[in-house]
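*Asks:* Structure incoming, see below.
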Amino acid sequence: MIHDIAIIGAGMAGASLAAELAPHARVLLLEAEDTPGYHATGRSAAFWEECYGGPGIVPLTRASGGYLADHGFLTPRGALYIGRGEDAAAMAAFRDSYHGTGVRINRLEAEALAQIVPHIRPEWSEALHQPACADIDVAGLHQHYLGLARRGGVEVVCRARIAGLAQAGGAWTLTSEQGETWRAATIVNAAGAWADVVAQLAGVRPIGIAPLRRTVAVLRVAPQAPADLPLVIDVGGSFYFKPDSGRLWLSPHDENPSEPCDAAPEELDVAIAIDRFQSATDWRIEAVERRWAGLRSFAPDRLPVYGFDPDVPGFFWFAGQGGFGIQTAPAAARLAMQQLTAQGPDAITASIAGVAYAPSRFRVPAKVLTA
Numbered sequence: 552m553i554h555d556i557a558i559i560g561a562g563m564a565g566a567s568l569a570a571e572l573a574p575h576a577r578v579l580l581l582e583a584e585d586t587p588g589y590h591a592t593g594r595s596a597a598f599w600e601e602c603y604g605g606p607g608i609v610p611l612t613r614a615s616g617g618y619l620a621d622h623g624f625l626t627p628r629g630a631l632y633i634g635r636g637e638d639a640a641a642m643a644a645f646r647d648s649y650h651g652t653g654v655r656i657n658r659l660e661a662e663a664l665a666q667i668v669p670h671i672r673p674e675w676s677e678a679l680h681q682p683a684c685a686d687i688d689v690a691g692l693h694q695h696y697l698g699l700a701r702r703g704g705v706e707v708v709c710r711a712r713i714a715g716l717a718q719a720g721g722a723w724t725l726t727s728e729q730g731e732t733w734r735a736a737t738i739v740n741a742a743g744a745w746a747d748v749v750a751q752l753a754g755v756r757p758i759g760i761a762p763l764r765r766t767v768a769v770l771r772v773a774p775q776a777p778a779d780l781p782l783v784i785d786v787g788g789s790f791y792f793k794p795d796s797g798r799l800w801l802s803p804h805d806e807n808p809s810e811p812c813d814a815a816p817e818e819l820d821v822a823i824a825i826d827r828f829q830s831a832t833d834w835r836i837e838a839v840e841r842r843w844a845g846l847r848s849f850a851p852d853r854l855p856v857y858g859f860d861p862d863v864p865g866f867f868w869f870a871g872q873g874g875f876g877i878q879t880a881p882a883a884a885r886l887a888m889q890q891l892t893a894q895g896p897d898a899i900t901a902s903i904a905g906v907a908y909a910p911s912r913f914r915v916p917a918k919v920l921t922a
């Protein structure tokens, strides 16, 4: 049997796209691990924040919000971007960068910040409020898409790490490390941190998608973190924290280069996170209860890569989704489905300029040498 489309990777990217494609094509969804979502999807910080990822990601995030809310995957949280007094210019520049995007950002006075974030140190007096931020039920969303895919006839195969890709006669042969083979007319590269590895297996020029390690620690603090505390983000990008069941999730916002792997937290990164947290608050830390790390994978310009490779027919990129892949999943999957099936935009994708994310932006033509 030749599938119309084989998707490599069953994290949020692959699962959401498989669900979107199910009514339109014969789809195979291949996952290297024992269960889908083991890597980046299962280690997400689980929030939907319109500013996260920068202005270039806003169209995807905002276009996804309605789907996520309508299906019950969002819980209102709100976000605060904070800074010291000397960060006032950076705060203004941050706010100005979202002008015209539709994102609502309000400035807060120091007194209001101190009321909303208990234990904030007085030198942290600058704050911007982003009211639309919400928690995402990541596991629920992932299972939602996997369920839609399976009910739509998608064949889902786990423990299928791809070792070989070969194209002949208008179809690809995919070979796993165990020697299993499948055939498909089109391959979708949704392999996350392994996206460039998959490209090389297919003889496709890599884009330079780089896995970067991000660390999260779960803190028990005293007094307990209030349930209605917003997501709090340093405008300088050195930390963020959010409440969860009376604990605080804390990240140093690290981006340490890594090989594609089962990422593990480094003690130094946890220590850096705690030091930065204590520089901003006087909360007493009683224990670090858990810690983990995940890989966020970025293209060189930090925008995602969606579309057919311009040099190799039948190879479609759906990768480089950084730390915003969960919050943009509905719109990204719908956009990619439309590209793969030659459909026009709909209400979700009408405001998205897909060309901004096309892989062709990395294929610079060779210069013509002249005498």
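Position in the sequence shown (from 1) plus 551 gives the number in our numbering. Yeah, the Cβ is synthetic: ideal placement off N, Cα and C, and Gly gets one too. Nothing here was measured: the structure is a model prediction, and the numbers come from that model.
Roughly how many angstroms lie between the CA atoms of glutamate 840 and proline 587, to the nearest whole one?
*Replies:* Whole-angstrom Cα-Cα distance: 26 Å.
*Asks:* What do you get for serine 796, buried or exposed, if any count of 16 or more other CB atoms within 10 angstroms of its CB means buried?
*Replies:* When all chains shown are included, serine 796 counts as exposed.
*Asks:* Exposed or buried, tyrosine 657, counting other C-beta atoms within 10 Å across all chains shown (16 or more means buried)?
*Replies:* Sequence inspection shows asparagine at residue 657; the tyrosine mentioned does not correspond to that position. With fewer than 16 other Cβ atoms within 10 Å, it is exposed.
*Asks:* Compute the beta-carbon to beta-carbon distance between alanine 700 and valine 707, rounded to the nearest angstrom, for a pair I have assumed lies under 8 Å.
*Replies:* Indeed they touch by this definition, with Cβ atoms about 7 Å apart.
*Asks:* Going by the beta-carbon positions, is the gap between phenylalanine 645 and leucine 611 smaller than 8 Å?
*Replies:* It is not a contact, given that the beta carbons lie outside the stated cut-off.
*Asks:* Would glutamate 582 be called buried (16 or more neighbouring beta carbons within 10 Å of its own) or exposed?
*Replies:* Its Cβ being crowded by 16 or more others within 10 Å, glutamate 582 is buried.
*Asks:* Taking 7 Å as the cut-off, is the C-beta of alanine 773 nearer than that to any heavy atom in the ligand ZN?
*Replies:* In the structure shown, the ligand ZN is absent, as is every other ligand, since no ligand is present at all.
*Asks:* What does the alpha-carbon distance come out to for the pair phenylalanine 867 and leucine 619?
*Replies:* One C-alpha to the other measures close to 25 Å.
*Asks:* Under three-state DSSP, which class holds aspartate 621?
*Replies:* Correct three-state label for aspartate 621: helix.
*Asks:* Among Trp675, Val654 and Arg655, whose alpha-carbon lies nearest the alpha-carbon of leucine 664?
*Replies:* That would be Trp675, whose Cα lies nearest to the Cα of leucine 664.
*Asks:* In this structure, what does DSSP give as the bridge partners for threonine 732?
*Replies:* DSSP lists Thr726 as partners of threonine 732.
*Asks:* Give me the Cα-Cα distance between glycine 565 and glycine 874, rounded to the nearest whole angstrom.
*Replies:* For glycine 565 and glycine 874, the distance between alpha carbons rounds to 15 Å.
*Asks:* Relative to the C-alpha of glutamate 637, which residue among Val786, Val772 and Leu846 is closest?
*Replies:* Considering only alpha carbons, the answer is Val786.
*Asks:* How many Å lie between valine 940 and glutamine 775 at the Cα?
*Replies:* Residue 940 lies beyond the residue range present for the chain, which begins at 552 and ends at 922; the question has no answer from this structure.
*Asks:* Within a Cβ cutoff of 7 Å, which residues of the same chain sit near proline 816, ignoring the five residues on either side of it in sequence?
*Replies:* Result list for proline 816: Thr766, Arg842, Trp843 and Ala844, in chain order.
*Asks:* Just list the residues that DSSP pairs serine 848 with in beta bridges.
*Replies:* Bridge partners of serine 848: Pro762.
*Asks:* Per DSSP, what kind of secondary structure is threonine 900 in: helix, strand or coil?
*Replies:* Of the three classes helix, strand and coil, the one that applies to threonine 900 here is coil, per DSSP.
*Asks:* On the DSSP bridge assignment, give the partners of phenylalanine 866 in chain order.
*Replies:* Looking at the DSSP assignment, phenylalanine 866 forms a beta bridge with Ile738.
*Asks:* Compute the Euclidean distance between the alpha carbons of tryptophan 733 and proline 861, then round it to the nearest angstrom.
*Replies:* Straight-line Cα distance between these residues: approximately 24 Å.
*Asks:* What residue does the alpha helix (DSSP H) around isoleucine 608 start on, and which one ends it?
*Replies:* Run containing isoleucine 608: none; DSSP gives neither H nor E here.
*Asks:* Roughly how many angstroms separate the alpha carbons of cysteine 602 and phenylalanine 790, rounded to a whole number?
*Replies:* Going from the Cα of cysteine 602 to the Cα of phenylalanine 790 covers about 15 Å.
*Asks:* On the DSSP letters alone, give me the boundaries of the beta strand (DSSP E) that arginine 658 sits inside.
*Replies:* That run of the beta strand (DSSP E) goes 657-659.
*Asks:* For proline 627, tell me which candidate among Met642, Asp686 and Thr652 has the shortest Cα-Cα distance.
*Replies:* Ranking Met642, Asp686 and Thr652 by Cα distance to proline 627 puts Asp686 first.
*Asks:* Look at the alpha carbon of isoleucine 825 and the alpha carbon of leucine 819, and state the distance between them as a whole number of angstroms.
*Replies:* The straight-line gap from Cα to Cα measures roughly 10 Å.
*Asks:* Excluding the 5 residues preceding and the 5 following arginine 798 in the sequence, name in chain order all residues of the same chain whose CB lies nearer than 7 Å to its CB.
*Replies:* Here the set comprises Val769, Leu770, Arg771, Ala776 and Glu840.
*Asks:* Pick out whichever of His693, Thr652 and Gly871 has its Cα sitting closest to the Cα of glycine 623.
*Replies:* Cα-wise, what sits closest to glycine 623 is His693.
*Asks:* Ends of the beta strand (DSSP E) at arginine 923?
*Replies:* In the structure displayed, the chain extends from 552 to 922; residue 923 sits before or after that span and is not available.
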